[in-house]
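Under our numbering, the first residue of the sequence shown carries the number 215, and numbering increases by one thereafter. Report on the structure given below.
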Amino acid sequence: MTDTAAPTLHGIRRLVTPLAVLCIAQFMLQLDYAIVNVALKPIQTDVGFSDVGLQWVVTGYALTFGSLLLLGGRLGDRTGRRRLLLFGLLVFGAASAVCAVAQSPAMLVGGRLVQGVGAALVAPMVLAMLTGVYSQGAAQVRAIGIWAAATAGGAMSGVVLGGLMSDWFGWRSIFIVNIPIIAALVPLARAVLPEMRPEQVRSLDIPGTASITISLAALIFAMSSGEERGFGHPVTVGSLAIFAVLLAAFIAIELRAREPVVPFPFLVAPIRRTSVLAMLVVGAVTGSYIYTVSLALRKILDFSGTETSLKFIPGPVAMVFCSLFLSRRLIARFGMKPVLLLGLFILGAGQLWLAQLSADSAYASGVLPALFLTGGGAGLIVPTLTAAVTAGATPRERGLVGGLVPTAQQIGAAVGIAVLATIAASVSANQGGDLAAGYARSFLISVVLVALAAILVAFTSFRPPEPEPEQA
215 MTDTAAPTLH GIRRLVTPLA VLCIAQFMLQ LDYAIVNVAL KPIQTDVGFS DVGLQWVVTG
275 YALTFGSLLL LGGRLGDRTG RRRLLLFGLL VFGAASAVCA VAQSPAMLVG GRLVQGVGAA
335 LVAPMVLAML TGVYSQGAAQ VRAIGIWAAA TAGGAMSGVV LGGLMSDWFG WRSIFIVNIP
395 IIAALVPLAR AVLPEMRPEQ VRSLDIPGTA SITISLAALI FAMSSGEERG FGHPVTVGSL
455 AIFAVLLAAF IAIELRAREP VVPFPFLVAP IRRTSVLAML VVGAVTGSYI YTVSLALRKI
515 LDFSGTETSL KFIPGPVAMV FCSLFLSRRL IARFGMKPVL LLGLFILGAG QLWLAQLSAD
575 SAYASGVLPA LFLTGGGAGL IVPTLTAAVT AGATPRERGL VGGLVPTAQQ IGAAVGIAVL
635 ATIAASVSAN QGGDLAAGYA RSFLISVVLV ALAAILVAFT SFRPPEPEPE QA
């Protein structure tokens, strides 16, 4: 791997570190992912979305983002990671401008689709460059903890700012806010980030890339369709069938490919295989938790949009605190497995607390403690799982890791939200429209999922694999 120094100004390099630039980029992506959800009502009124079409403001972004992350990771290995990061930021910024001036549903959804493309290029490069610049054990774990805190901070800010900005400045401001951030990030990234690419450029596995990209897109679409139409609807079933067929084709292609998108030997190490599976579960649990708690605050406790935003803050604050100040110290003292088990126990306790939710619940006793527990547990789990997946990765594998980790998070969240929201709606309907009963059932299922992840972690060796020597 060669690191070509970027054109720099020494004063800028002293003031702004690569970690700061990368984490601001990650913060922005998570901000935009979360900020739209709270502003859907004014968007629908102003742009003229139908109830069915409105979901594509969220689904369109998730579709391209989640399905293209692996491709983004591999493209960075081929073209250079800083170059792809800069290109992705420009794509994201241009799409944000389109969304901000959208006059029709088609224009806004199109902008969101392209935003997802830009995000899928940026997100894997953030993690790949972070683990490349900070490649040593303790420094890397610290950097990953800050990255996880930026992720939680962006999500927290999105939930809060989405309500406040749409109320005060109009919904278009939630897209405009990205433009000055990118205008500052692009020159800073050019100044402080080194270019990183393999010494020998490898061929891109086109059949494997196409099959996994379309397969993941079909899965995300199926989850959205299942939530809207039901999982027995022909559109949903057909999308799931496409996902299954193309996933099988992808596996067959990768087993024979000279330069596979996902080299299966990379996942042979138990620490990596278990960490990716656990990341899927945690993505499902935390994704559905954010979605369901937001609805519970609005529909059961009858909070306004702004009140919901503010009441939600303790969870992400707990995640930021644990990611920044606890995860690294606990890993250094006890190792990855004990920290993961502790985090899963705390996360499960938070979901179990929410499973007691009823129509008579109060925020202070029924929701607030669960927000702290869930956020704190996730703050220990996410940086630890990320460090586990990256352990022993060679420079050539960092683009793969950069795509694999957020892919697991996004796919887990898409599946978790769709399946658990459907279960909650079904239980509520069967109990005379009791929303609290439906939400409580979804949280109880989350407890079971967390317990299964904990069992998997408990029986897995978390010894990091030895890095394989680089091949010419």
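C-beta: ideal position from N, C-alpha, C; glycine also.
* Closest by CA to Pro597, which one among Gly359, Gln240 and Gly384? -> Here the question's residue 597 lines up with position 383 in the sequence shown. Nearest C-alpha to Pro597: Gly359.
* To do: Could you pull out every unbroken alpha helix (DSSP H) segment of at least 4 residues lying fully inside the region 424 to 512, listed in chain order?
  => 448 to 470
* Asked: What's the gap between the Cα of Arg610 and the Cα of Trp382?
  -> Counting from one through the sequence shown, the residue named residue 610 turns up at place 396. Counting from one through the sequence shown, the residue named residue 382 turns up at place 168. Taking the straight line joining both Cα atoms gives about 47 Å.
* Check whether Ala316 and Val328 have beta carbons under 9 Å apart -> Here the question's residue 316 lines up with position 102 in the sequence shown. Here the question's residue 328 lines up with position 114 in the sequence shown. It is not a contact, given that the beta carbons lie outside the stated cut-off.
* Asked: What are the boundary residues of the alpha helix (DSSP H) that Cys536 is part of?
  -> Stepping through the sequence shown from its first residue, residue 536 is reached at position 322. Run containing Cys536: none; DSSP gives neither H nor E here.
* Would you grab the beta carbon distance between Val362 and Ser537 for me? Rounded to a whole angstrom, and I think it's under 8 Å. => One-based indexing of the sequence shown puts residue 362 at position 148. One-based indexing of the sequence shown puts residue 537 at position 323. Strictly speaking, residue 362 in this sequence is Ala, with Val absent from that position. About 4 Å; that satisfies the 8 Å criterion.
* Asked: Does the distance from the C-beta atom of Met493 to that of Val603 stay below 9 Å?
  -> Residue 493 sits at position 279 when you count from the first residue of the sequence shown. Residue 603 sits at position 389 when you count from the first residue of the sequence shown. Cβ atoms of Met493 and Val603: closer than 9 Å.
* Is the region 265 to 281 touching the region 234 to 252 in the sense that three or more CB pairs, one from each, lie closer than 8 Å? -> Enough Cβ pairs lie closer than 8 Å, so yes.
* Asked: With C-beta atoms as the reference, is Gly616 less than 9 Å away from Ala337?
  -> Position 402 of the sequence shown, counted from the first residue, corresponds to residue 616. Position 123 of the sequence shown, counted from the first residue, corresponds to residue 337. Yes. Within cutoff.
* Asked: When you compare only the Cα positions, how much space is there between His224 and Val391?
  -> Stepping through the sequence shown from its first residue, residue 224 is reached at position 10. Stepping through the sequence shown from its first residue, residue 391 is reached at position 177. Its pLDDT being 47, under 50, His224 is placed unreliably in this model, and the coordinates cannot settle the point.
* **Cβ-based burial, Ala635 [other Cβ within 10 Å; buried from 16]** => Indexing the sequence shown from 1 puts residue 635 at position 421. Its Cβ being crowded by 16 or more others within 10 Å, Ala635 is buried.
* Distance CB(Leu561)-CB(Val581) smaller than 9 Å -> What you label residue 561 is simply residue 347 of the sequence shown in a count that begins at 1. What you label residue 581 is simply residue 367 of the sequence shown in a count that begins at 1. Not in contact: Leu561 and Val581 (Cβ atoms no closer than 9 Å).
* Asked: Along the chain, where does the alpha helix (DSSP H) that runs through Trp385 open and close?
  -> As a first step, residue 385 is located in the sequence shown; it is residue number 171 there, counting from the start. Where Trp385 is concerned, there is no enclosing alpha helix (DSSP H), given that its DSSP letter is neither H nor E.
* Counting Cβ pairs closer than 8 Å, one from the region 545 to 563 and one from the region 401 to 410, do we hit at least three? -> no
* Asked: Below 8 Å, can you find three or more Cβ-Cβ pairs linking the region 463 to 483 to the region 418 to 432?
  -> yes
* Other residues of its chain near Phe389: CB distance less than 7 Å, five sequence neighbours each side excluded -> To locate residue 389, count along the sequence shown from 1; it is residue 175. Answer for Phe389: Ser310, Cys313 and Ala314, listed in chain order.
* To do: Determine the burial state of Gly707: buried for a count of at least 16 other Cβ atoms within 10 Å of its Cβ, exposed for fewer.
  => In the structure as shown, the chain begins at 215 and stops at 686. Residue 707 is therefore absent and cannot be evaluated.
* **Nonlocal neighbours in the same chain, by C-beta distance under 6 Å from Ser675, ignoring five residues either side** => As a first step, residue 675 is located in the sequence shown; it is residue number 461 there, counting from the start. Hits under 6 Å: Pro484.
* Asked: Just how far apart, CA to CA, sit Gly372 and Ser640?
  -> Here residue 372 is taken as the residue at index 158 of the sequence shown, counted from 1. Here residue 640 is taken as the residue at index 426 of the sequence shown, counted from 1. One C-alpha to the other measures close to 29 Å.
* Let me know if Pro620 comes out buried or exposed under the rule of 16 or more other beta-carbons within 10 Å of its beta-carbon. => The count along the sequence shown starts at 1 and reaches residue 620 at position 406. So Pro620 counts as buried.
* Asked: Candidates Ala601, Ala573, Leu566 and Asp574: which alpha carbon is nearest Phe586's?
  -> Taking the first residue of the sequence shown as 1, we reach residue 586 at position 372. Measuring from the Cα of Phe586, the nearest candidate turns out to be Leu566.
* Asked: Are Ile428 and Ile467 closer than 9 Å when you measure CB to CB?
  -> Stepping through the sequence shown from its first residue, residue 428 is reached at position 214. Stepping through the sequence shown from its first residue, residue 467 is reached at position 253. No, the Cβ-Cβ distance between Ile428 and Ile467 is not below 9 Å.
* Starting from the C-beta of Leu515, find all residues in its chain whose C-beta is less than 7 Å away, skip the five residues before and the five after it, and write them out in chain order. => Within the sequence shown, numbered from 1, the residue matching residue 515 stands at position 301. Contacts found: Tyr577.
* Helix, strand or coil: which one does DSSP assign to Tyr275? -> For the purposes of this step, residue 275 is taken as residue 61 along the sequence shown, with counting starting at 1. Three-state DSSP puts Tyr275 in a helix.
* To do: Note down the Cα distance separating Gln258 from Ala632, rounded to an integer number of angstroms.
  => Residue numbering aside, residue 258 sits at position 44 when the sequence shown is read from its first letter. Residue numbering aside, residue 632 sits at position 418 when the sequence shown is read from its first letter. Roughly 21 Å between the two C-alpha positions.
* Asked: How many angstroms separate the CA atom of Leu347 from the CA atom of Pro448?
  -> As a working mapping, residue 347 is identified with position 133 in the sequence shown. As a working mapping, residue 448 is identified with position 234 in the sequence shown. Rather than Leu, the amino acid found at residue 347 in this sequence is Val. Straight-line Cα distance between these residues: approximately 48 Å.
* DSSP-derived helix/strand/coil call for Val328 -> Mapped onto the sequence shown, residue 328 falls at position 114. If DSSP states are grouped into helix, strand and coil, Val328 belongs with the helices.
* Buried/exposed call for Phe539, threshold 16 Cβ in 10 Å -> For the purposes of this step, residue 539 is taken as the residue at position 325 of the sequence shown. Phe539 comes out exposed.
* To do: Please classify Ala668: does DSSP put it in a helix, a strand, or coil?
  => Position 454 of the sequence shown, counted from the start, is the residue given in the question as residue 668. Three-state result, Ala668: helix.
* **Cβ-based neighbour list, Met379, same chain, cut-off 6 Å, excluding 5 preceding and 5 following** => Within the sequence shown, the letter at position 165 stands for residue 379. Answer for Met379: Ser387 and Ile388, listed in chain order.
* Within the same chain, show all residues whose beta-carbon is closer than 7 Å to that of Leu254, passing over the 5 residues directly before and after it, in chain order. => Position 40 of the sequence shown, counting from 1, holds the residue named residue 254. Excluding sequence neighbours, Leu254 sits near Leu268 and Val271.
* To do: My understanding is that Ala654 touches Leu571, with C-beta atoms under 8 Å, so please give their C-beta distance in whole angstroms.
  => Taking the first residue of the sequence shown as position 1, residue 654 is located at position 440. Taking the first residue of the sequence shown as position 1, residue 571 is located at position 357. The pair is a contact, with the Cβ atoms about 5 Å apart (cut-off 8 Å).
* Asked: What did DSSP end up calling Arg677 once you bin it into helix, strand or coil?
  -> In the sequence shown, residue 677 corresponds to position 463, counting from 1. Residue state, collapsed to three classes: coil.
* By how many angstroms is the C-alpha of Gly367 removed from the C-alpha of Val355? -> To locate residue 355, count along the sequence shown from 1; it is residue 141. To locate residue 367, count along the sequence shown from 1; it is residue 153. Rounded to whole angstroms, Val355 to Gly367 spans 18 Å at the Cα level.
* Asked: Would Gly529 pass as a contact of Gly557 if the rule is Cβ separation under 9 Å?
  -> Along the sequence shown, read from residue 1 onward, the residue named residue 529 stands at position 315. Along the sequence shown, read from residue 1 onward, the residue named residue 557 stands at position 343. No. Outside cutoff.
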